[in-house]
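Spelled out as structure tokens, the structure:
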């Protein structure tokens, strides 16, 4: 018995959109996988196919030693036969049932049901709410009830559809940490769908980036978000600066890259190529006014501030330093620097923070 | 007051409502959930009695049930039943004629149900039938009940189909609506007025109940 989930299938929609999936997940090593991508990329289709709520047109889905779907063998298990837990985006709590009845809904054995429900109420810190209806509890509590309901049957696989998107921003931040803790304690394979980068980073061990119906890159959270495979993926995972560059010289594993009129020192890409896409994340670009002095940071670029846009706790600063560079700094840092549009400033950038993706001359 | 007519009308309305509950509910559930493209034809057929003059439906049913049609003669020779001018005859007409008044509210109720609640129940391992009993029915109940009340009320007042199929046989096919017509024909305005007042009051009560059922709180 191989302890993994295998999904290889395609599904075509009447609109012409096609989802082609080749996905493997070990159930032991990387318990939490995030399917990350823009809306309409097929991540929800994959999740619903895994749940058995829809069926692919061709291919197969296997979980451990069970075949859940096989076009060839004419097998298509219903959701009831798959033993999964599914957390819906807006939780889909049954409005006519109390919290306790919601949690116990799928428990068949009436004799142990009250004890199991009590156990879930305790685990999810829902004591005292068992007789309330879903409308009468807060969004965070609703999410815990939905999770408790999905886990009460001790499923083999947990599927989460945008688990935090129904919460308001403040609560979302709190619940992110709490959910991560709960998922880690479960030790069961989890697949979650999200279009939020922060959510994927906070919750997952492994990320599958999806675009236009295909899984484009799959790897650790760090790899996917800092080492995207191509320029399109770099933009998709939210790398702020993706520009074309040309390698001028190369020695000791380091390269000098010409970007616009600027020169950058970077770590050489794995595949040697004179033409590259230069990817720089906004949070890796530090800003300083006046004399920089000595520092271990190799790249010091003289830049002019083009635009300053507050984004929550951070401020996005668009710079012109021979190419367009975006920096993300905290609000206090921005105030300390007294940044104004048109200011002359030094942008500092560590060499390892620059990710180079080989490209052909014209791409 | 024509007690025979009241009793007959109540029997006809109750039987029609019960039958439409049994066949209308599955039909409506199927209509609300199927993605089959032929659905529109079935929907149109179900809706047809709303626009079709009752006498037209009555006429076709009369011809179909009559001894000269294949169906009518077969029923008579094989099962020994004669449908025209009998209670069963007007019951069949009444069921067909009331189909839209039951099925359309049912479909609306099923459509207004969040599909994810059903999927959530399936994902919790609960079978389709159990899900229908534990989720769909309790949440769609106000809409289903409204459909049943409309059906009942509509049957009580039905005239054209009953007259065409059943004629005017006291105790067998003479319902309240026909009794009013009969009274007026006989220039008995007092009796007609009494029966009319009864049906008027009944209709107001029915409307109040359906309004009350469709208030937002009862839908949760």
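Residue numbers (the numbering used here), protein chains in the order written: chain Z, 1 to 363; chain H, 1001 to 1220. The beta carbon of each residue, even a glycine, is placed where N, CA and C say it ideally should be. Keep in mind that this is a model prediction, so the values were computed, not measured.
If you reduce the DSSP assignment to three classes, tell me which class residue i lands in.
i	result
residue 1196(H)	helix
residue 348(Z)	strand
residue 54(Z)	coil
residue 59(Z)	strand
residue 157(Z)	strand
residue 121(Z)	helix
residue 1004(H)	helix
residue 1077(H)	helix
residue 322(Z)	coil
residue 258(Z)	strand
residue 1219(H)	Legend: pLDDT at residue 1219(H) = 48, less than 50; position of this residue unreliable, no value from coordinates given.
residue 286(Z)	strand
residue 366(Z)	Chain Z is shown from 1 up to 363; residue 366(Z) falls before or after that span and cannot be answered.
residue 107(Z)	coil
residue 217(Z)	strand
residue 100(Z)	helix
Determine the chain H residues that contact residue i at a beta-carbon separation under 8 angstroms, and present them in chain order.
i	result
residue 53(Z)	1119, 1122 and 1123
residue 92(Z)	1114, 1116, 1117, 1119 and 1120
residue 9(Z)	Correct list: empty, because the minimum Cβ distance to chain H is about 19 angstroms.
residue 88(Z)	1116, 1119 and 1120
residue 56(Z)	Per Cβ cutoff of 8 angstroms: no residues; residue 56(Z) is ~17 angstroms from chain H at best.
residue 78(Z)	1122
Can you list the residues of chain Z that residue i reaches, using a CB-CB cut of under 7 angstroms?
i	result
residue 1144(H)	Going along chain Z, no residue has its Cβ under 7 angstroms from residue 1144(H), so there is no contact; the nearest lies around 14 angstroms.
Which stretch, first to last residue, makes up the beta strand (DSSP E) that contains residue i?
i	result
residue 25(Z)	18-26
residue 210(Z)	206-211
residue 401(Z)	As shown, chain Z starts at 1 and ends at 363. That puts residue 401(Z) outside it, with no answer to give.
residue 85(Z)	84-87
residue 1152(H)	From DSSP, residue 1152(H) is part of no beta strand (DSSP E) but of the alpha helix (DSSP H) over 1137-1157.
residue 356(Z)	354-358
Strictly below 9 angstroms CB to CB, what residues from chain H border residue i?
i	result
residue 106(Z)	1121, 1123, 1124, 1125 and 1126
residue 149(Z)	1120 and 1124
residue 153(Z)	1124 and 1125
residue 189(Z)	Correct list: empty, because the minimum Cβ distance to chain H is about 16 angstroms.
Considering only DSSP beta bridges, list what residue i is partnered with.
i	result
residue 310(Z)	315(Z)
residue 299(Z)	349(Z)
residue 305(Z)	319(Z)
residue 69(Z)	61(Z) and 76(Z)
residue 34(Z)	192(Z) and 207(Z)
residue 330(Z)	314(Z)
residue 279(Z)	242(Z) and 355(Z)
residue 249(Z)	256(Z)
In chain Z, what lies closer than 9 angstroms to residue i by C-beta?
i	result
residue 1137(H)	Those within 9 angstroms of residue 1137(H) in chain Z number zero; the least Cβ separation is about 10 angstroms.
Determine the extent of the alpha helix (DSSP H) in which residue i is found, giving its start and end residues.
i	result
residue 262(Z)	No alpha helix (DSSP H) contains residue 262(Z), which is instead part of the beta strand (DSSP E) from 262-267.
residue 1090(H)	1087-1112
residue 140(Z)	139-151
residue 181(Z)	169-186
residue 226(Z)	221-226
residue 1131(H)	1128-1131
residue 1043(H)	1039-1051
residue 1183(H)	1176-1185
residue 1062(H)	1054-1065
residue 231(Z)	231-236
residue 1123(H)	1115-1123
So which residues on chain H does residue i lean against when the C-beta distance must stay under 7 angstroms?
i	result
residue 84(Z)	1123
residue 33(Z)	Chain H residues near residue 33(Z): none, gap ~19 angstroms exceeds 7 angstroms.
Would you say residue i reaches chain B, if we count a Cβ-Cβ gap shorter than 8 angstroms as a contact?
i	result
residue 356(Z)	Protein chains in the displayed structure are Z and H, and chain B is not among them.
Do the region 1143-1151 of chain H and the region 1118-1130 of chain H touch if we need at least three Cβ pairs shorter than 8 angstroms?
These segments do not touch.
Contact between the region 154-166 of chain Z and the region 83-92 of chain Z: three or more CB pairs below 8 angstroms?
Put simply, the region 154-166 of chain Z touches the region 83-92 of chain Z. At least three CB pairs are less than 8 angstroms apart.
Is the region 5-19 of chain Z in contact with the region 40-52 of chain Z, if contact means three or more CB pairs nearer than 8 angstroms?
Segments in contact, yes.
Is the region 200-213 of chain Z touching the region 283-299 of chain Z, taking contact as three or more C-beta pairs under 8 angstroms?
No, the region 200-213 of chain Z does not touch the region 283-299 of chain Z.
Could you say if the region 240-247 of chain Z and the region 268-281 of chain Z meet the contact criterion of at least three C-beta pairs nearer than 8 angstroms?
Yes, since at least three Cβ pairs between the region 240-247 of chain Z and the region 268-281 of chain Z fall closer than 8 angstroms, the two stretches touch.
Hey, is the region 50-58 of chain Z in contact with the region 220-237 of chain Z, meaning 3+ C-beta pairs nearer than 8 angstroms?
Taking 8 angstroms as the limit for Cβ pairs, the verdict is that the region 220-237 of chain Z does not touch the region 50-58 of chain Z.
Counting pairs of Cβ atoms below 8 angstroms between the region 115-133 of chain Z and the region 1167-1183 of chain H, do you hit three or more?
No, because fewer than three Cβ pairs between the region 115-133 of chain Z and the region 1167-1183 of chain H fall closer than 8 angstroms, the two stretches do not touch.
Would you call the region 307-314 of chain Z and the region 258-273 of chain Z touching, i.e. three or more CB-CB distances under 8 angstroms?
Note that the region 307-314 of chain Z does not touch the region 258-273 of chain Z; fewer than 3 beta-carbon pairs, one per stretch, sit closer than 8 angstroms.
Any contact between the region 1031-1050 of chain H and the region 1176-1189 of chain H? By contact I mean 3 or more CB pairs, one from each, below 8 angstroms.
No, the region 1031-1050 of chain H is not in contact with the region 1176-1189 of chain H.
Report yes or no: do three or more beta-carbon pairs, one from the region 100-117 of chain Z and one from the region 178-190 of chain Z, lie closer than 8 angstroms?
Contact between the region 100-117 of chain Z and the region 178-190 of chain Z is absent, because fewer than three Cβ pairs lie under 8 angstroms.
Three or more C-beta pairs closer than 8 angstroms, one from the region 1012-1020 of chain H and one from the region 313-333 of chain Z: is that the case here?
As far as the Cβ criterion goes, the region 1012-1020 of chain H does not touch the region 313-333 of chain Z, which means the pair count is below three.
With three or more beta-carbon pairs closer than 8 angstroms as the criterion, would you say the region 1111-1120 of chain H touches the region 1060-1077 of chain H?
Cβ pair count under 8 angstroms is below three, so no.
Mind the definition here: the region 1038-1047 of chain H touches the region 1203-1216 of chain H only if three or more C-beta pairs lie below 8 angstroms; say whether that holds.
No, they do not touch.
Would you call the region 329-348 of chain Z and the region 289-299 of chain Z in contact, with 3 or more CB pairs under 8 angstroms?
Verdict: yes, contact present.
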